[in-house]
Amino acid sequence: MDHTVLHESDSTSEIDEQTKTWESDPRSITTHLTDDDANDSNAMIECGIGHRVQASRSVLALVLDDDCVFAGLQGGDIVAWSLQTYELVLSVHAHQESVLDLHLSEDKELLFSSGGDSVVNVWSTRTFDRLYSIHSHHDVGDIFAVAYSSSLKTIYCAGQNTSIQWCDISQADAAATQLSAAHLSRRTHRFFDSRGPDGTRAPRPEAGADGSHSVTQGGQVLTFKRDHHRIFSHHGYVYTMLLVRGLVESAPSEEVLITGAGDGVVKLWSLDQDKTNAAPSQMAKLQNGDPVLSIAVDGSFLYCGLAGGALNIWNLDSHQLVKRITRHTGDLWAVDIIHGVAVCGDSNGIVKEVGSWAAHEGTMLASAAGRHKDRFIYASGGNDNTVGIWDLTDVSLKQNELPPINNDEMVNCLAKFVAFKTVSASPKFAGECNQGAAFLRRHCVYLGAKTKLLTTGKDTNPIVYARFNATSSEKIDKTILFYGHYDVVGADANLTKWKTDPYQLTSMDGFLYGRGVSDNKGPILAALYAAADLARQKALRCNVAFLIEGEEESGSQGFHETVRQHKEQIGSVDYILLANSYWLDDYNPCLTYGQRGVVHANLIVTSDHPDLHSGIDGSALLDEPLKDLTLLIGTLVGPKGRINLPDFRDRVLPLPEAEKQRYADIAQILLQQHPEITDRDALIDSLMHRWREPALTIHSIEVPGNSKSTTTTISRRAKASVSIRLVPNQEADDVAASLTMYAQEQFDLLESQNDLTVEITGKSDPWLGDPDNEMFETLAEAITAAWTPDRQGQKHQYPPVQRNLQDRTGETPPPPEPVPGPSDVRPIYIREGGSIPTIRFLEKEFSAPAANLPCGQASDNAHLYNERLRVQNLYKSREIFSYVFSRLPERERK
Numbered sequence: 000m001d002h003t004v005l006h007e008s009d010s011t012s013e014i015d016e017q018t019k020t021w022e023s024d025p026r027s028i029t030t031h032l033t034d035d036d037a038n039d040s041n042a043m044i045e046c047g048i049g050h051r052v053q054a055s056r057s058v059l060a061l062v063l064d065d066d067c068v069f070a071g072l073q074g075g076d077i078v079a080w081s082l083q084t085y086e087l088v089l090s091v092h093a094h095q096e097s098v099l100d101l102h103l104s105e106d107k108e109l110l111f112s113s114g115g116d117s118v119v120n121v122w123s124t125r126t127f128d129r130l131y132s133i134h135s136h137h138d139v140g141d142i143f144a145v146a147y148s149s150s151l152k153t154i155y156c157a158g159q160n161t162s163i164q165w166c167d168i169s170q171a172d173a174a175a176t177q178l179s180a181a182h183l184s185r186r187t188h189r190f191f192d193s194r195g196p197d198g199t200r201a202p203r204p205e206a207g208a209d210g211s212h213s214v215t216q217g218g219q220v221l222t223f224k225r226d227h228h229r230i231f232s233h234h235g236y237v238y239t240m241l242l243v244r245g246l247v248e249s250a251p252s253e254e255v256l257i258t259g260a261g262d263g264v265v266k267l268w269s270l271d272q273d274k275t276n277a278a279p280s281q282m283a284k285l286q287n288g289d290p291v292l293s294i295a296v297d298g299s300f301l302y303c304g305l306a307g308g309a310l311n312i313w314n315l316d317s318h319q320l321v322k323r324i325t326r327h328t329g330d331l332w333a334v335d336i337i338h339g340v341a342v343c344g345d346s347n348g349i350v351k352e353v354g355s356w357a358a359h360e361g362t363m364l365a366s367a368a369g370r371h372k373d374r375f376i377y378a379s380g381g382n383d384n385t386v387g388i389w390d391l392t393d394v395s396l397k398q399n400e401l402p403p404i405n406n407d408e409m410v411n412c413l414a415k416f417v418a419f420k421t422v423s424a425s426p427k428f429a430g431e432c433n434q435g436a437a438f439l440r441r442h443c444v445y446l447g448a449k450t451k452l453l454t455t456g457k458d459t460n461p462i463v464y465a466r467f468n469a470t471s472s473e474k475i476d477k478t479i480l481f482y483g484h485y486d487v488v489g490a491d492a493n494l495t496k497w498k499t500d501p502y503q504l505t506s507m508d509g510f511l512y513g514r515g516v517s518d519n520k521g522p523i524l525a526a527l528y529a530a531a532d533l534a535r536q537k538a539l540r541c542n543v544a545f546l547i548e549g550e551e552e553s554g555s556q557g558f559h560e561t562v563r564q565h566k567e568q569i570g571s572v573d574y575i576l577l578a579n580s581y582w583l584d585d586y587n588p589c590l591t592y593g594q595r596g597v598v599h600a601n602l603i604v605t606s607d608h609p610d611l612h613s614g615i616d617g618s619a620l621l622d623e624p625l626k627d628l629t630l631l632i633g634t635l636v637g638p639k640g641r642i643n644l645p646d647f648r649d650r651v652l653p654l655p656e657a658e659k660q661r662y663a664d665i666a667q668i669l670l671q672q673h674p675e676i677t678d679r680d681a682l683i684d685s686l687m688h689r690w691r692e693p694a695l696t697i698h699s700i701e702v703p704g705n706s707k708s709t710t711t712t713i714s715r716r717a718k719a720s721v722s723i724r725l726v727p728n729q730e731a732d733d734v735a736a737s738l739t740m741y742a743q744e745q746f747d748l749l750e751s752q753n754d755l756t757v758e759i760t761g762k763s764d765p766w767l768g769d770p771d772n773e774m775f776e777t778l779a780e781a782i783t784a785a786w787t788p789d790r791q792g793q794k795h796q797y798p799p800v801q802r803n804l805q806d807r808t809g810e811t812p813p814p815p816e817p818v819p820g821p822s823d824v825r826p827i828y829i830r831e832g833g834s835i836p837t838i839r840f841l842e843k844e845f846s847a848p849a850a851n852l853p854c855g856q857a858s859d860n861a862h863l864y865n866e867r868l869r870v871q872n873l874y875k876s877r878e879i880f881s882y883v884f885s886r887l888p889e890r891e892r893k
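When the letters of the sequence shown are read in order and numbered with numbering that gives the first Met the number 0, they come out as residues 0 to 893.
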């Protein structure tokens, strides 16, 4: 048939009818639309945030199973990343040369790999043991494609020499010749092992001699039978193949092999059902004109990705070309079908047909589509040494379906949230702060909450108040108040040290990078999505209220007054929960039950005289402001940091036996995982001094100056900025008053002619929670449930990988986490030296106990450059909040 002519047929009508349906759905656009339709931006959807993982070399092949994305790399490695956490879980040197194709069996228990070494390997997807290594009897060159028939137990592969080979592995002992790996390694290659001008061959390097890893050994070594080889199956390299059922009318369960090649032809092959030789026999030939690089089948339609960028759509019932789409300019190396939507990737790194986005900074070489739990996943790989993992769930949904509240939706929301430069300390970002608050409020409405913006003052940012009322039939009249903040510390000071745009969320190697992602936008969304999901499922047993402020990084200005003003609207509160701190290290989940308070103050000494010259005016009789200030500071603190305020330590609580045991538990856990810590007692002593002991810090001493000042100037004014960290049972108001009085008394003793001013610039009471109350107990149970590995439900049992790659920031990732033992994961109970001004205020105002759940790791770099949050920590935090919101009221009732 002349493929350039379209005949009127049922297939064309069917395509047209589908086109009408798809055009009416504003969420998607498919390859079935015309070029003019495709240019209509209103018909296209935007792709959400893509998680990106770093490979060591170009990605040439991809497949997805239920839990992982497997990638075949240039150079011969097979690697895999978790679809849950995006962390590397497998790395194996599988072939002597590049891995060119990967294929999963229907039950996803077997993974087949083919490579430039003319070998097909068969792997267990549970343990990644090599089961078979199948070698070619003929010199077939690169094996570009491999497929497996589960019914015939036969492997098919396509070679560079235009051939198709097949091997029945169910009768390996009887059907294939056994050869040793050593014998196979001595085979000569027609090109690479040819003799040189002097008649000699180049010496072969020993395995690993060039610094590479040796190929994984094990399994049965087989060869394709000599007669199980169809030479010249095409007149060009055979690039791609598929096995499809339902194309043989008389036997719809039988599989048909489809191959595409560089000769521009797609061939359909019937398979001999003889169990001893399932040979392919040609049954149809489809002429495409351009080399066929990729193929996909959806129902009775075949999609062919061609060199040059065209996509041909064939009806496999009538063998007619029904549409040719030419939207790409690069070669189509990747075509996948996701719920009736064709997704194509080209050699320019561009993915089209479902919106359009740049997936790679280079040539896109591989793709895979599949389902992971409630998500439809699209993975892309390219020569930029990365794999992009995209959530296309919205594309796959039917028109009348609501999207599930899944984790990728939460990450997409976080990307939009991070994009707002909500820097509270700078007036130039006031507009962005208000826009960020408005965005958060709108999203709370979308999630089903009742919301209100609470204004805090003319020049301060509003509070977002949101409330999810209990929806369960067994609801309990209790309220959990979640506190957080949407404002962030500015990124401009260290902008040159950021390796990514701080206000564009970047997912790389299992981490999310961006300003505020850890402090505190990520934890806020984890809590919001947990409450919203429970409310939608009619499983929310208590009310959950949110107070998300925009001034936390600037001293929570206006927060106290605004909360008091709207206290009646907020209503009664039974528990207070926040997530505004970090683990003690990168491995162990924590619960924070105490934080120090703080008093910030400026001590300012001024004189009546102007700035003077030390040579002309300086004398022993002159009271110099800086000299007086220095003498004053010396009276505040003594050796080893002893604070000299009267009765200052009288209210410091003694160390109870239970808390002493907690410090011992911390030391025991840290010493096991951190060999660099050699002194247990020194570690405990350091933690106690930072967490439960008060401290005075002199932050700076300033004197006014200008470009004309010299070192001989006696300044008329000197200022010292100090802070006193308080511990539970000390009151910030009392310490501030004591500091003011003591400083004035000590200054009076100097009998100086200068004046002293004490400015209290900030106060925060210390906080000490009860780690034995029902809230902490529920949080501890939730952490155990979320972080304890499910050994029974875990499919893959891979050995730990050697992480020697660098992440997108150019930094070396942390070492792999220690493999957990069989016991449950339990949180470490910690205190912190820092202060959160609102936590004790909320406890007092609502007469409710508070708890602090650290979501991030110690290496999150909050407030610093390259701030990040591990994807797994974000997801686990949501699980923990969901557990607490559903179980805490039940615990109290019991």
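The beta-carbon is built from N, C-alpha and C at its ideal position, and this holds for glycine as well.
Classify Pro888: buried if its beta carbon has 16 or more other beta carbons within 10 angstroms, exposed otherwise. buried
Just reading off the beta strand (DSSP E) that Asp335 is part of, what are its end residues? Leu331 to Ile337
Strand pairing of Tyr69, partner residues [DSSP]: In the sequence on display, residue 69 carries Phe and not Tyr. The secondary-structure analysis by DSSP pairs Phe69 across a beta bridge with Val62 and Ala79.
Cutting at 7 Å between CB atoms, please list the residues of its own chain near Asn347, excluding the five before and the five after it. The answer, listed in chain order, is Thr328 and Gly329.
Residues near Ile838 in its chain [Cβ-Cβ closer than 8 Å; skip 5 each side]: Tyr482, Ile575, Leu577, Gln594, Trp766, Ala849 and Asn851
Suppose the cutoff is 7 Å on Cβ atoms and the five residues either side in sequence are ignored; what does the same chain contact list for Ser881 look like? Answer for Ser881: Ala529, Asp532 and Leu533, listed in chain order.
Is the region 125-140 touching the region 153-165, taking contact as three or more C-beta pairs under 8 Å? yes
Nearest to Arg877 by alpha carbon, out of Thr712, Glu408, Gly74 and His137? Glu408
CB contact flag (Ala735, Val598, <8 Å): yes
Would you mind working out which of Glu548, Lys566, Asp106 and Phe69 sits nearest Lys843, comparing C-alpha positions? Lys566
Give the secondary structure of His688 by DSSP, where H, G and I count as helix, E and B as strand, and everything else as coil. helix
Kindly indicate which three-state DSSP category Val463 falls into: helix, strand or coil? Strand at Val463.
Under the three-state DSSP convention, the category Asn311 falls into: strand
Do you know how far the Cα of Glu360 is from the Cα of Asp500? 17 Å
Whole-number beta carbon distance between Ser751 and Leu625, since they are thought to touch under 8 Å: Actually they are not in contact, since the Cβ atoms of Leu625 and Ser751 sit about 12 Å apart, beyond 8 Å.
Flag this pair as yes or no: are the beta carbons of Asn311 and Arg323 separated by less than 8 Å? yes
If we ignore side chains and look at the alpha-carbon of each, how far apart do Cys67 and Met507 end up? Going from the Cα of Cys67 to the Cα of Met507 covers about 16 Å.
Exposure label - Gln805; buried when at least 16 CB within 10 Å: Residue placement at Gln805 is flagged as unreliable, the pLDDT there being 44, under the threshold of 50; the coordinate-derived value follows with that caveat. Exposed, because fewer than 16 other Cβ atoms sit within 10 Å of the Cβ of Gln805.
What is the DSSP secondary structure of His359, reduced to helix, strand or coil? Coil.
Give a yes or no on whether 8 Å exceeds the smallest Cβ distance from Asp76 to chain B. This model lacks chain B altogether, as it is built from one protein chain only.
Which one of Arg374, Gly307 and Gly298 has the shortest CA to CA distance from Leu341? Strictly speaking, residue 341 in this sequence is Ala, with Leu absent from that position. The option with the nearest alpha carbon to Ala341 is Gly298.
Check this for me: beta carbons of Ser722 and His698, under 8 Å apart or not? yes
For Thr561 and Leu453, believed in contact at Cβ under 8 Å, the rounded distance: 5 Å
Would you be able to state if there are at least three C-beta pairs under 8 Å between the region 216-236 and the region 257-264? yes
Alpha carbon to alpha carbon, how far is Glu831 from Asp764? 13 Å
For Leu778, count neighbouring C-beta atoms within 10 Å of its own C-beta (all shown protein chains included) and say buried if the count is 16 or more, exposed if not. buried
Mind checking who Asp100 pairs with in its DSSP beta bridge? Ser113
Quick check on the DSSP output: what are the complete alpha helix (DSSP H) runs of length 4 or more inside the region 557-605, in order along the chain? The region 557-605 contains these whole alpha helix (DSSP H) runs: 558-564 and 566-569.
Look at Leu331 and Gly308 and say whether their C-beta atoms are less than 8 Å apart. yes
I'd like the list of long-range same chain contacts for Glu473, defined as Cβ closer than 7 Å, with 5 residues on each side in sequence excluded. Arg540
Under 8 Å between C-beta atoms of Glu761 and Gly554: According to the sequence provided, residue 761 is Gly. The question's Glu does not apply to it. For the 8 Å CB-CB criterion, Gly761 and Gly554 form a contact.
Rounded to whole angstroms, what is the Cα-Cα separation between Asn894 and Lys639? Outside the displayed range of the chain (0 to 893) lies residue 894, so it cannot be described from this structure.
Proximity winner among Gln216, Pro251 and Ser293, relative to Thr239 (alpha-carbon distances): Ser293
On the CB-based measure, 16 or more other CB atoms within 10 Å of its CB, does Leu654 come out buried or exposed? exposed
Jot down the residue ranges of each uninterrupted beta strand (DSSP E) in the region 242-299, minimum 3 residues, whole runs only, in chain order. 254-260, 264-270, 279-286 and 291-297
Taking 8 Å as the threshold (C-beta atoms), are Gly380 and Leu391 in contact? no
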